[in-house]
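J.: Here it is, the structure in full.
Residue numbers (the working numbering), protein chains in the order written: chain A, 1 to 763; chain B, 1001 to 1155.
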């Protein structure tokens, strides 16, 4: 029993000093001036997020007298590499030697660390600049301490690789020997911070550092939420209502209690709608080990009241969505006059696309441990939003949030599932029921697939008119899908601005008549963010349809796509009806069609677009702008005579602005590509009688090694460190399904409009 | 009482005989490097070696292991091949979230011990049972080739 690795950094100053004491004594953490807090408006970017940003070195950096530099990572690590990338930014500006840097994970405490919602592909894009300032300020404090000790003008000293050097004489002082004095120096005012010239970066933009957790992962030492162990800990699994909105009618736990190791059976009350991040309720079995809890759950006899969603049926619901898509809906963008233009067009083309619900299926299923001591609660969990976990646990237990500490473990995958900390609240409720003893809740794979906050289900209906030269003159897109807002407002039936702004209204196409409509759709299950969110159905529809138009016009798909994007221009997203713009300023982050064109051209060139391929092979292209990054992909597909799809190669061009850690940008594109392939080819959650039908990985299929692209080549468009950054974690997903289906069309002449592909190509 | 020989050490355990090895390792012995992913031998996250064979510990009852030798991710680095595989994983930056990678490394190590120079088809066949939801497959393939000392390994 050893929970030390989980107690990383604590919120209060006293504990922080103790924590750092274990590293050899510090101590740049001498006080916490309230100065370095984000101001109020304008509310874009990190400023627009709850609790904004913090760039105070006294919050993020601690230096021991042994010279060990501890840097706090306040964002959750779920595979995107943030525990390497974020501290690396600080270390670079600090002139710290990476070999002497330790990374400590922040608990959920946004007042102290700034926003911690690790989602929306925002970590690096929002915190690159604050973390640079943080490191630079710490460097200047060390320089000031050295100058004071030497009684020399500060202009004669310079921090270099973990030492401060007196330039004229070559005298040096190590960071460890300066730490205590540096802690007493004033934090430089923001306008006095001297950032490095990017030409002097040691780590940023190089991609040469190994992952901070790589060795621990490879040797089995890395700690995820499911690995939490505390003295006297109990283990729980929960039988939840199989239908969303259902509840326990009655249950008999007699047999469950007979299972060796089972200690208690506890009912958890269902939460009233909307779902929010609340536990679903049900019956928990608490035991001496996980296996006993699982066996106990099997022995429960529960009668469920299935509630209002008992009839939810995916086949019937698809028909409902299609019916809505065939009628006019709320107009959310209207340029020119679609109806008049399409009536005049030389030809008219129509298509409809379907994407089912998807489950995140993180390899680590949701898990959390809670322990209550008197009036305080500690939670260990795999949380993308630890502050939400803290607030909601506090609310459920009736405690002030300051009495709840949320320790963020490594996340065994996130993809948006772990933004919703319902499992953390379950752990807290069960710890309370067990007199405060530590209780770990483990979700099984079946729990995870049945009770996810699912990716929405959607029908996208498109119509276009081409003129006599085959140029598109009219474009109608009706998007119909239950909104994520339904998770917070049971009456919500229309896509929110943030969903419409994911590649449906903000298409920067050079088409004079564009109409976008959004008919209503009612949610019957919990809908949530899934990596790249509404961009998945929108990009699939838009980029498939552009290829369909190209085919109808008898044009090359890539040339036609470039023509639809039109000439290089900078478009204010508000002129496209997009009031959201991924939360970024429309002036700072306009839609730049030259960048979209460039990734199309780059991917096409690198893939050898136009090359001759053997029978059964084809190339397809798709481009999509999301999370303020520009991505294009060319997929090479091979379809055999049985209709099986394999992917020899994918070329991805990415323009995310400057790349802070290029190796992780590549890794994210590779992973997004594999996830996109799975969405296109095999993954589907379907409902019948209100219940998700897929129990485990035999039924909910995801991409495996033999089906993954054999080669994924990532081409990073060089960026400028002085320009705003784009997102990386999500935008690689949306172009993949349409590029793959466009390639299948090139290879076989068959057009896929319903995902997943599965056996649709079977002869 | 059940007997278990794991990572060179004999253990006496007070668990029910049907308990899967996975939960004995994780809950009774505190060896959490072996991961739970599906409980049905579908994802490979729980892979260990039993007498050298890659085996899904989530469906292997402890009662079946009386005279067997179990090796887990915590000890595979004491094996020359296992160590080379781990080094290749770190060198090529294979892991993203890392959760499945212990199982991937155990399966890859078993493959290389049986076939020191695996073909792509060998790799596909051996690794097909190990899911990586982050999608690190191209790097896993490259790392297996690098550990095998093959040329041309790149991500």
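All C-beta atoms, glycine included, are put in the ideal place defined by N, C-alpha and C.
Using a beta-carbon distance below 7 Å, is residue 1056 of chain B in contact with chain A?
T.: no
J.: Do the CB positions of residue 428 of chain A and residue 441 of chain A come within less than 7 Å of each other?
T.: The Cβ atoms of residue 428 of chain A and residue 441 of chain A do not sit closer than 7 Å to each other.
J.: Closer than 7 Å by beta-carbon distance: list the chain B residues that pair up with residue 674 of chain A, in chain order.
T.: 1135, 1137
J.: Compute the beta-carbon to beta-carbon distance between residue 220 of chain A and residue 1149 of chain B, rounded to the nearest angstrom, for a pair I have assumed lies under 8 Å.
T.: Wrong, their Cβ atoms sit about 24 Å apart, outside the cutoff.
J.: My assumption, with CB atoms under 8 Å, is that residue 322 of chain A sits in contact with residue 352 of chain A. Please give the rounded CB distance.
T.: 7 Å
J.: Residue 1038 of chain B touches chain C at which residues, Cβ-Cβ below 7 Å?
T.: Within the model displayed, chain C is absent; protein chains A and B are what it includes.
J.: What residue range does the alpha helix (DSSP H) around residue 1081 of chain B cover?
T.: 1080-1091
J.: Is the shortest distance between the beta-carbon of residue 702 of chain A and the beta-carbons of chain B less than 7 Å?
T.: yes
J.: Does the beta carbon of residue 529 of chain A come closer than 7 Å to any beta carbon on chain B?
T.: no
J.: Is residue 108 of chain A close to chain B? Criterion is C-beta to C-beta, closer than 7 Å.
T.: No, its Cβ sits nowhere closer than 7 Å to a Cβ of chain B.
J.: Does the beta carbon of residue 705 of chain A sit closer than 7 Å to a beta carbon anywhere in chain B?
T.: yes
J.: With the cut-off set at 7 Å, would you say residue 283 of chain A and residue 293 of chain A are in Cβ contact?
T.: no
J.: Compare the C-alpha of residue 409 of chain A against each of A:243, A:594, A:269, A:424 and name the closest.
T.: A:424
J.: Exposed or buried, residue 747 of chain A, counting other C-beta atoms within 10 Å across all chains shown (16 or more means buried)?
T.: Buried, by the Cβ-count rule.
J.: Does DSSP classify residue 673 of chain A as helix, strand or coil?
T.: Of the three classes helix, strand and coil, the one that applies to residue 673 of chain A here is helix, per DSSP.
J.: Which residues, taken in chain order from the segment 1085-1096 of chain B, show a beta carbon closer than 7 Å to some beta carbon of chain A?
T.: Answer set for the segment 1085-1096 of chain B: 1086, 1089, 1090, 1093, 1095, 1096.
J.: Can you give me, in chain order, the residues of the segment 212-230 of chain A that have a beta carbon less than 9 Å from any beta carbon in chain B?
T.: 213, 214, 215, 216, 217, 218, 219, 220, 221, 222, 223, 224, 226, 227, 228, 229
J.: Run down chain A in chain order and give the residues with a C-beta less than 8 Å from the C-beta of residue 1124 of chain B.
T.: Against residue 1124 of chain B, the close residues of chain A are 705, 706, in the order they occur along the chain (beta-carbon pairs closer than 8 Å).
J.: Can the beta-carbon of residue 476 of chain A be found closer than 7 Å to that of residue 463 of chain A?
T.: yes
J.: Can you check whether the C-beta of residue 343 of chain A is within less than 7 Å of a C-beta belonging to chain B?
T.: It does not: the Cβ of residue 343 of chain A has no partner Cβ on chain B nearer than 7 Å.
J.: Give the secondary structure of residue 116 of chain A by DSSP, where H, G and I count as helix, E and B as strand, and everything else as coil.
T.: coil
J.: Any beta carbon from chain B within less than 7 Å of residue 71 of chain A's own beta carbon?
T.: no
J.: Can you confirm whether the segment 106-114 of chain A touches the segment 70-83 of chain A when touching is taken to mean that 3 or more C-beta pairs between the two stretches lie within less than 8 Å?
T.: yes
J.: For the alpha helix (DSSP H) holding residue 461 of chain A, just list the boundary residues, first then last.
T.: No alpha helix (DSSP H) contains residue 461 of chain A, which is instead part of the beta strand (DSSP E) from 458-466.
J.: Contact between the segment 394-410 of chain A and the segment 354-361 of chain A: three or more CB pairs below 8 Å?
T.: no
J.: Examine chain B for any beta-carbon lying closer than 7 Å to the beta-carbon of residue 743 of chain A, and answer yes or no.
T.: no
J.: With a threshold of 7 Å between beta-carbons, can residue 1042 of chain B be considered close to chain A, or not?
T.: Under the Cβ criterion of 7 Å, residue 1042 of chain B is counted among the residues facing chain A.
J.: What's the C-alpha gap between residue 1088 of chain B and residue 389 of chain A?
T.: Their backbone Cα atoms lie some 37 Å apart in a straight line.
J.: If contact means a Cβ-Cβ distance below 9 Å, which residues of the segment 1008-1022 of chain B contact chain A?
T.: 1015, 1016, 1018, 1019, 1020, 1022
J.: Grab me the residues of residue 331 of chain A's own chain with a C-beta within less than 6 Å of its C-beta, minus the 5 sequence neighbours each way, in chain order.
T.: 517
J.: Thinking just about the alpha-carbon of each residue, which of A:763, A:759, A:721, A:760 is nearest to the one in residue 206 of chain A?
T.: Residue A:721 holds the alpha-carbon nearest to the alpha-carbon of residue 206 of chain A among A:763, A:759, A:721, A:760.
J.: Kindly list, in the order they appear in chain B, the residues whose Cβ is closer than 8 Å to that of residue 260 of chain A.
T.: 1016
J.: Assign residue 70 of chain A to one of two classes, buried (16 or more other C-beta atoms within 10 Å of its C-beta) or exposed (fewer than that).
T.: When all chains shown are included, residue 70 of chain A counts as buried.
J.: Using DSSP bridges, identify the partner residues of residue 368 of chain A.
T.: DSSP, once it has assigned bridges, lists A:381, A:441 as partnering residue 368 of chain A.
J.: Work out the CA separation of residue 1092 of chain B and residue 710 of chain A for me, nearest whole Å.
T.: 17 Å
J.: Roughly how many angstroms lie between the CA atoms of residue 57 of chain A and residue 142 of chain A, to the nearest whole one?
T.: 11 Å
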